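These notes are about the structure you will find just below.
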Amino acid sequence: MLDKEAIAKRIAKEIQHNSYVNLGIGIPTLVANYIPKNIAVCFQSENGLLGMGPFPTEGEVDADLINAGKQTITMLPGAALFDSAMSFGMIHAQKIDLTILGAMEVSENGNIANWKIPGKMVKGMGGAMDLVASAKNIIVAMQHVNKDGESKLLPNCTLPLTGIRCVKKIVTELAVLAVLPEGGFKLLERAPGVSVETIKKATLGKLIIEGEIPEMAFD
Amino acid sequence: MMINKQVNNAEEAIVDIMDGQTIMLGGFGLCGIPENCITALVKKGVTNLTCISNNAGVDDFGIGLMLQQRQVKKMIASYVGENAEFERQLLSGELDVELIPQGTLVFRCMAAGYGMPAIFTPAGIGTEVAIGKEVRNFNGKDYLLETAFNADFAIVKAWKGDTSGNLIFKGTSRNFNTMMAMAGKITIAEVEELVEPGQLDPNQIHVPGVYIHRIFQGSHYEKRIEKKTISK
């Protein structure tokens, strides 16, 4: 089973050279720590920054420089600042190549729910509905099951949706899965030491298993 | 002679904001929020407001201060996760809340500032956000029609400004401030440093003064950091 850092590390391998990437709050934020040296990538923060750098040192902290998770950050050489209209303009115009975000539920046809639990939790969708409606590629980073042990990979989402038919890939503590255009979670890789049987038990939606499923490789 | 929009302070800038009006407040989280005007609105005690803002502040800062005083009747925002008092008022039904996608929020401001009645966006298609809204298909993809905001006042905060209303922002504090500045029927700008016309480089202006009706130099900026995060 992978911990959060390992999920982030596995997702980092999905990032293409010369790409623009938006990272959501939580595990996705950790992905930035594992980008291979030979991969050029530019991180977008939807509150108005391209070229987001690491967290600042104590002396570099600037209240006027935060990421979309409201954390203090720095800018890399070549960074650019803009307003929220341009930020969501570049998202909807598909200038951002990849969006990595968390989810409460994903359905086998690629629907995602991650913003509301009726009667319990209402934080809002923030930029997530915009990102999932327009991103060319969407990878979800999440736990395979919720705190009550229930699968988060479902035939249909039960929570209010964030977007429809948009998730392309899911990385959990147990597995890497592709969401097929015709529907279904295709098992691509197992976490080290995790059996196909364990993944089957944790997946309520349609799981497609073809041939031998390799273990994830970390280099 | 250059048009002069300077007022003395926040109290003077907000003097005619009345109960029941709709106001936009710039900022993202606590970054770039109009601290002086929020303090003045709390002091004035104006109530039944509809507030349009990306976030609702935190419990004891930003719009959270207005929520504490029950001054807000309705909140239009995209993310309110940092405010326990907000969540309490929402779940108990004391506060009317319309949560909308962040892009939709800024494009509805943009539409108002550009004189456009509406925009089309794919954000929210297939979700509860789309309920009751017109859907149009362009090039094989569905889009929601979303109308321009109509706010009585917009209140923004800039880094520098001149007395004719030109504004310059710093870092990620531009966020919603530029589009809201353009969207208000009356726009109030508070700035950290107010200068005379000619002292700002016209090449660097983010919002031209035509959109600004009142401007003043604020004081005692706290610029609170919501999540100070240091690299290890």
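Quick note, the sequences are listed as chains A and B, same order.
Its first residue numbered 3, the first sequence is counted upward by one per residue in my numbering.
Its first residue numbered 535, the second sequence is counted upward by one per residue in my numbering.
Think of the CB as a built atom: it goes at the ideal place given N, C-alpha and C, for glycine as much as any other residue.
Computed from a predicted model, the values in this text were never measured in an experiment.
Minimum C-alpha distance to residue i - residue among the options
i	options	result
threonine 638 of chain B	B:Ala544, B:Thr681 and B:Lys608	B:Thr681
glutamate 726 of chain B	B:Asp735, B:Val690, B:Lys719 and B:Val744	B:Val690
aspartate 630 of chain B	B:Tyr745, B:Ala590, B:Val580 and B:Asn684	B:Ala590
glycine 61 of chain A	A:Thr76, A:Gly50, A:Asn69 and A:Ile210	A:Thr76
isoleucine 39 of chain A	A:Glu191, A:Asn49 and A:Lys15	Looking at the sequence itself, residue 39 of chain A is lysine, so the reference to isoleucine does not match. Comparing Cα-Cα distances from lysine 39 of chain A to each of A:Glu191, A:Asn49 and A:Lys15, the minimum goes to A:Lys15.
alanine 645 of chain B	B:Ala688, B:Lys578 and B:Met713	B:Met713
serine 109 of chain A	A:Thr164, A:Gly151, A:Asp99 and A:Leu67	A:Thr164
glycine 615 of chain B	B:Ile586, B:Val592, B:Met536 and B:Thr763	B:Val592
alanine 717 of chain B	B:Gly563, B:Arg670 and B:Gly649	B:Gly649
valine 124 of chain A	B:Gln623, B:Ile665 and B:Glu668	B:Gln623
histidine 754 of chain B	B:Glu760, B:Lys761, B:Lys762 and B:Glu724	B:Glu724
glycine 112 of chain A	A:Lys154, A:Thr74 and A:Lys97	A:Lys154
alanine 177 of chain A	A:Thr74, A:Val169, A:Lys138 and A:Phe187	A:Phe187
glutamine 733 of chain B	B:Leu701, B:Gly561 and B:Ala688	B:Leu701
alanine 87 of chain A	B:Gly699, B:Val640 and B:Ile746	B:Val640
glutamate 214 of chain A	A:Arg192, A:Lys202 and A:Gly126	A:Arg192
Contact set between residue i and chain A, taken where Cβ atoms lie within less than 9 Å
i	result
glutamine 602 of chain B	Those within 9 Å of glutamine 602 of chain B in chain A number zero; the least Cβ separation is about 19 Å.
glutamate 619 of chain B	Within 9 Å Cβ-Cβ: nothing; glutamate 619 of chain B doesn't reach chain A, min ~13 Å.
Under 8 Å by beta carbon: chain B residues contacting residue i
i	result
proline 162 of chain A	Thr661 and Glu662
glutamate 107 of chain A	Per Cβ cutoff of 8 Å: no residues; glutamate 107 of chain A is ~13 Å from chain B at best.
alanine 180 of chain A	What alanine 180 of chain A touches in chain B: nothing, since even the nearest Cβ is about 21 Å away.
Alpha helix (DSSP H) segment containing residue i, residue limits
i	result
glutamate 89 of chain A	In the sequence as presented, glutamate is not what sits at residue 89 of chain A; that position holds serine. Looking at the DSSP string, the run of the alpha helix (DSSP H) that includes serine 89 of chain A is 86–94.
aspartate 2 of chain A	Residue 2 of chain A lies beyond the residue range present for chain A, which begins at 3 and ends at 221; the question has no answer from this structure.
proline 30 of chain A	29–32
asparagine 570 of chain B	569–578
Proximal chain A residues relative to residue i, where beta-carbon distance stays under 8 Å
i	result
leucine 624 of chain B	Val124
threonine 681 of chain B	Within chain A, no residue comes near threonine 681 of chain B; the closest Cβ sits about 16 Å away, beyond 8 Å.
serine 612 of chain B	Gly126, Met127, Gly128 and Gly129
Chain B residues whose Cβ lies nearer than 7 Å to that of residue i
i	result
proline 58 of chain A	Ile764 and Ser765
glycine 50 of chain A	Thr706, Arg708 and Asn709
phenylalanine 45 of chain A	Going along chain B, no residue has its Cβ under 7 Å from phenylalanine 45 of chain A, so there is no contact; the nearest lies around 13 Å.
Residue interval of the beta strand (DSSP E) (run including residue i)
i	result
cysteine 159 of chain A	Where cysteine 159 of chain A is concerned, there is no enclosing beta strand (DSSP E), given that its DSSP letter is neither H nor E.
cysteine 585 of chain B	583–586
leucine 179 of chain A	177–181
leucine 78 of chain A	77–83
glutamine 623 of chain B	First-last for glutamine 623 of chain B: 618–625, but that is the alpha helix (DSSP H), not the beta strand (DSSP E).
Amino acids of chain B, ordered along the chain, whose beta-carbon sits closer than 9 Å to that of residue i
i	result
leucine 4 of chain A	In chain order: nothing, as chain B lies at least about 21 Å away.
Chain-ordered neighbours of residue i on chain A, where CB pairs are closer than 7 Å
i	result
alanine 657 of chain B	Met131, Asp132 and Ala135
**Asked** Can at least three beta-carbon pairs, one atom from the segment 673–688 of chain B and one from the segment 643–658 of chain B, be found at a separation below 8 Å?
**Response** yes
**Prompt:** Using 8 Å as the threshold, is the segment 542–550 of chain B in touch with the segment 593–602 of chain B, meaning 3 or more CB pairs across them?
**Reply:** no
**Message:** Assess contact between the segment 20–40 of chain A and the segment 102–114 of chain A, defined as three or more Cβ pairs (one per stretch) separated by less than 8 Å. Is contact present?
**Reply:** yes
**Request:** Decide if the segment 126–144 of chain A is in contact with the segment 633–650 of chain B; the criterion is three or more beta carbon pairs, one per stretch, under 8 Å apart.
**Result:** yes
**Members of the segment 550–579 of chain B near chain A, C-beta cut-off 9 Å** = Phe562, Gly563, Leu564, Cys565 and Gly566
**Request:** Output, in sequence order along the chain, the residues in the segment 692–726 of chain B whose CB is closer than 9 Å to any CB in chain A.
**Result:** Trp693, Phe703, Lys704, Gly705, Thr706, Ser707, Arg708, Asn709, Phe710, Asn711, Thr712 and Met713
**Request:** Evaluate the contact criterion for the segment 88–102 of chain A versus the segment 145–156 of chain A: three or more CB pairs, one atom per stretch, below 8 Å.
**Result:** no
**Prompt:** Looking at C-beta atoms only, is the number of pairs between the segment 693–703 of chain B and the segment 570–583 of chain B that lie closer than 8 Å three or more?
**Reply:** no
**Message:** I want to know whether the segment 49–60 of chain A touches the segment 732–750 of chain B - three or more CB-CB distances under 8 Å.
**Reply:** no
**Message:** Quick check: the segment 561–570 of chain B against the segment 599–607 of chain B, are at least 3 beta-carbon pairs closer than 8 Å?
**Reply:** no
**Message:** Residues of the segment 734–763 of chain B in Cβ contact with chain A at a cutoff of 8 Å, in chain order, please.
**Reply:** His740, Lys757, Arg758, Ile759, Glu760, Lys761, Lys762 and Thr763
**Prompt:** When Cβ atoms are compared, which residues of the segment 67–87 of chain A fall closer than 9 Å to chain B?
**Reply:** Leu67, Ile68, Asn69, Ala70, Gly71, Lys72, Gln73, Thr74, Ile75, Thr76, Met77, Leu83, Phe84, Asp85, Ser86 and Ala87
**Request:** May I ask you to list, following chain order, the residues of the segment 635–646 of chain B that have a beta carbon less than 9 Å from some beta carbon of chain A?
**Result:** Pro635, Gln636, Gly637, Thr638, Leu639, Val640, Phe641, Cys643 and Met644
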